[in-house]
Amino acid sequence: MSGALGGAILGGLRAAGGLEVVGASRSGDGTAVRHADFDRPETLKEAFEGARVLVFVSAGYAEDDVVLARHGAVVRAAADAGVEHVIYTSLAASGERLTIALAHRWTEARLAEAPFDVTVLRNGLYAEIPAGLALMGAAAAAESGVFAAPLGAGRVSVAARDDLAAVAVRVAAEAWQDVVSGGERRHAGRTYELEGLSAVGGHDLAEVLSEVLGRPVSYLPVPLGPRGRGWPGWRRTRRVTRCRPSPTSAPACWRPVKAICPRSWTRPVRPAT
Ligand SMILES: NC(=O)c1ccc[n+]([C@@H]2O[C@H](COP(=O)([O-])OP(=O)(O)OC[C@H]3O[C@@H](n4cnc5c(N)ncnc54)[C@H](OP(=O)(O)O)[C@@H]3O)[C@@H](O)[C@H]2O)c1
1 MSGALGGAIL GGLRAAGGLE VVGASRSGDG TAVRHADFDR PETLKEAFEG
51 ARVLVFVSAG YAEDDVVLAR HGAVVRAAAD AGVEHVIYTS LAASGERLTI
101 ALAHRWTEAR LAEAPFDVTV LRNGLYAEIP AGLALMGAAA AAESGVFAAP
151 LGAGRVSVAA RDDLAAVAVR VAAEAWQDVV SGGERRHAGR TYELEGLSAV
201 GGHDLAEVLS EVLGRPVSYL PVPLGPRGRG WPGWRRTRRV TRCRPSPTSA
251 PACWRPVKAI CPRSWTRPVR PAT
């Protein structure tokens with residue numbers, strides 16, 4: 001819960017009131033925040049002790065086999081600790097062709113086999129990612145009037161991280177209320193696709209830069225090329241798949257949005273195994 005998404009969820013749950021909330025993170029020292037290192041499964045027993053509802057934020061910055069081992073350890077530890085409901089932050093269906101999809105779908109399958117209730121929050125690509133690209137290119141664009149980025153000709157579906165966190169807070173708070181009251185578990189067995197409503201691509205970012213910089217900025221698609229040099233293999237591959245968005249990506253919006261596909265709220269799905 002030390003990361004951007006986890007921190008926002010933890011803050012939201014603490015602010016919600018009426019809940020007993022405990023954070024856990026790899027960097028937690030066991031006082032204000034419990035220590036939970038997914039790479040050291042022995043730390044998870046204590047980290048999950050007494051938890052009835054667990055918000056499980058993926059820790060996906062590694063090779064797939066490492067992520068599978070981490071996530072498998074979390075699922076087993078949650079089951080051993082007697083957690084009653086796990087809420088997992090996964091990847092949106094429109095990200096199916098990204099390399100990171102494998103670990104998310106594998107984790108969803110392990111969760112579906114587990115002895116607790118599950119809610120899968122399939123998060124769209126963070127709006128902060130293309131926004132960050134625009135920021136990185138802003139100085140050059142101010143000088144040259146060109147925004148060069150490896151985004152090809154497509155557009156991608158994105159959602160603001162804070163909005164994704166707000167959904168996780170609502171689902172976790174309601175799941176906790178249901179568990180404590182013994183009432184119907186309204187989010188159990190559900191998968192929510194969380195995406196924006198319109199798409200963003202290089203031209204859209206150039207348009208925003210034009211507005212902000214007060215000068216015309218045009219978009220120039222460039223290959224990923226040297227940007228990936230020196231990165232570990234998994235990171236290069238992921239960036240390449242992310243930076244080649246499909247022109248047929250699911251609808252989305254690049255501005256911060258309250259974005260939940262309405263149909264998915266009512267779609268009672270147990271994650272497929
Ligand atoms: N939807 C998207 O566009 C998108 C984009 C990027 C990533 N993601 C996924 O969403 C997750 C959250 O995103 P974010 O922006 O909050 O990332 P972030 O700010 O980089 O935070 C990553 C978190 O993962 C934790 N972590 C890493 N390795 C861990 C381990 N072995 N055991 C326990 N915790 C570990 C870190 O804990 P410490 O700080 O305590 O080490 C940190 O809290 C990412 O980890 C990734 O799986 C989604």
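In this text, residue positions in the sequence shown follow UniProt numbering: the first is 1, and each later residue adds one.
Every residue gets a Cβ at the ideal spot worked out from N, C-alpha and C, and that includes glycine.
Helix or strand or just coil, what does DSSP make of H71?
Helix.
Measuring from the CB of S90, is there a heavy atom of ligand 1 at a distance below 7 Å?
Flag unset: Cβ of S90 not near ligand 1.
Would A16 and I87 qualify as a contact pair, given that the criterion is a beta-carbon distance under 8 Å?
No. Outside cutoff.
Would DSSP call F147 helix, strand or coil?
DSSP places F147 in strand when its eight states are reduced to three.
Between which residues of its own chain and H35 is the CB-CB distance below 6 Å, once the five residues before and five after are set aside?
Cβ neighbours of H35 beyond the five flanking positions: G28 and T43.
Between the Cα of P216 and the Cα atoms of A138, A8 and L125, which residue gives the shortest distance?
When only C-alpha atoms are compared, the closest one is A138.
Which residues in the same chain as H187 place their Cβ atom closer than 7 Å to its Cβ, once the five residues preceding and following it in sequence are excluded?
T119, V171, E174 and A175, listed in sequence order.
Quick check on the DSSP output: what are the complete beta strand (DSSP E) runs of length 3 or more inside the segment 8–94, in order along the chain?
As far as the segment 8–94 is concerned, its whole beta strand (DSSP E) runs of at least 3 residues are 23–25, 33–35, 53–57 and 85–91.
Taking 8 Å as the threshold, find out whether the segment 103–123 comes into contact with the segment 139–149 through three or more Cβ pairs.
Output reads no: the segment 139–149 does not touch the segment 103–123.
Which first and last residues belong to the alpha helix (DSSP H) in which V158 is found?
Note, V158: premise wrong, no alpha helix (DSSP H); beta strand (DSSP E) at R155 to A159.
So what's A141 in DSSP terms, helix, strand or just coil?
Three-state DSSP puts A141 in a helix.
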